[in-house]
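The structure under discussion appears below in the form of structure tokens.
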Amino acid sequence: MVVLLLGPGAFFSVILFWLYVSPVTSAIVNRTIDDSFGDSQTGQLVTYAPATAGVWADETCPVTVCAIRPDTTQAFKGTYTAATYNPGLGSMSITMQFTGTAIYVFFILANADSGITTLTLANMTLDGNAPELFQHFPDLTTTNLDYNSLVFSKANLANVQHTLVISTSGNSNVFVNFDYAIYT
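Numbered per the working numbering, the sequence shown spans residues 744 to 927.
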């Protein structure tokens with residue numbers, strides 16, 4: 744029988760060696776923030792402002808009230824939340840929080856439709872930093888809607904809680920239709 748005697752320093756060296764050579768796995772996990780159902784991980788809901796009745800509408804809005812009615816089979820989880828901003832509102836916003844290192848925001852964008860506002864302009868403000876403007880000028884050759892349209896993305900963020908505010912204000916009528924966000 745062979746007995747191996749190790750001093751206290753050798754024991755820690757063996758442990759460090761084992762930690763160095765043992766495989767470590769990590770996976771990036773995507774989570775979603777749905778316009779209606781909220782964060783798939785935390786359940787936290789998106790906040791829409793103003794909360795005044797009749798400003799924000801979802802897929803249940805009747806055709807007599809909402810002229811732009813996306814196909815729910817093409818919307819994420821069959822839902823969307825939309826509003827038409829007018830200068831009389833002062834401003835409107837969508838606010839969401841997430842903890843992660845990247846965020847991707849998706850809208851449903853409208854194109855030509857006579858007499859209806861289909862221009863989309865929105866400021867994306869992450870963690871109170873300078874806003875980034877998204878703008879979609881309608882394609883006048885089609886009335887088709889653009890689903891799963893990436894309107895904002897930011898990567899290489901610190902893995903801490905973030906707040907994203909999507910806002911609209913100004914002197915023009917603007918259509919905003921939030922579908923979902925993905926964060927990592």
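Where a beta carbon is used, it is the ideal one built from N, C-alpha and C, also for glycine.
Asked: Spatial neighbours of Val808 in its chain, beta-carbon cut-off 8 angstroms, leaving aside the 5 residues before and after; Found: Ala800
Asked: Burial state of Gly831 (16 or more Cβ within 10 Å); Found: exposed
Asked: Cβ neighbours of Ala924 in the same chain (closer than 8 angstroms, five flanking residues each side left out); Found: Thr775, Ile776, Met839, Phe841, Ile846, Tyr847, Val848, Phe849, Leu907
Asked: Stretch pair the stretch 818-830 + the stretch 897-906: three plus CB contacts closer than 8 angstroms; Found: no
Asked: Whether Thr785 touches Gly843 by CB criterion (7 angstroms); Found: no
Asked: Range covered by the beta strand (DSSP E) that runs through Gly821; Found: Gly821 -> no beta strand (DSSP E), and no H or E assigned at all.
Asked: Anticipated Cβ contact below 8 angstroms, Ser834 with Ser915, distance rounded; Found: Wrong, their Cβ atoms sit about 13 angstroms apart, outside the cutoff.
Asked: Distance, Ala898 Cα to Ala865 Cα; Found: 19 angstroms
Asked: Phe877 vs Val894 beta-carbon contact at 7 angstroms; Found: yes
Asked: Beta-carbon proximity check, Ala826 vs Val789, cutoff 7 angstroms; Found: no
Asked: Whole-number beta carbon distance between Asn920 and Pro813, since they are thought to touch under 8 angstroms; Found: 7 angstroms
Asked: Check whether Tyr890 and Ile837 have beta carbons under 7 angstroms apart; Found: no
Asked: C-beta atoms of Asp856 and Thr886 nearer than 7 angstroms; Found: yes
Asked: DSSP beta-bridge partners of Gly843; Found: Val903
Asked: Helix, strand or coil at Thr911 according to DSSP, with G and I counted as helix; Found: strand
Asked: Same chain, Cβ closer than 7 angstroms to Asp778, five either side skipped, listed in chain order; Found: Val789, Thr822, Tyr823, Thr824, Phe921, Asp922, Tyr923
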